[in-house]
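In this text, residue positions in the sequence shown follow the numbering used here: the first is 5, and each later residue adds one.
From the three backbone atoms N, C-alpha and C, an ideal C-beta is built for every residue, glycine too.
These figures come from a predicted structure and were not determined experimentally.
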Amino acid sequence: LLINKGLETLKERGAEIVLVYGDPNYYMRTGFKAGHKLKPPYKLKYPEEAWMAQEIVEGFLAKTQGTVRCAKSLNSPEYW
5 LLINKGLETL KERGAEIVLV YGDPNYYMRT GFKAGHKLKP PYKLKYPEEA WMAQEIVEGF
65 LAKTQGTVRC AKSLNSPEYW
């Protein structure tokens, strides 16, 4: 799967967590979970369940909270 390849690449590059905003029915099949403490950068148009995370480093979510800052190219409310 493309998602698995992406996660593998992010792990190789030192990422500790991956966040997505999308269809829970799709992303949860690949290990993403809702209900974490990280807040999106803007108010979400879709249900909160669409804001999901997957740990690359086990335990990262348990010690992390706050509001996410995203890449400049995605840093606009129209994308959220």
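For the beta strand (DSSP E) containing residue i, list its first residue and its last residue.
i	result
residue 60	Premise fails: residue 60 is in no beta strand (DSSP E) and is neither H nor E.
Label residue i either buried or exposed according to how many other C-beta atoms from any shown protein chain fall within 10 Å of its C-beta, with 16 as the threshold for buried.
i	result
residue 31	buried
residue 57	buried
Who pairs with residue i in a beta bridge, going by DSSP?
i	result
residue 55	25
Would you mind stating whether residue i and residue j have Cβ atoms separated by less than 8 Å?
i	j	result
residue 52	residue 38	yes
residue 11	residue 22	yes
residue 84	residue 44	yes
residue 34	residue 5	yes
residue 64	residue 16	no
residue 72	residue 48	no
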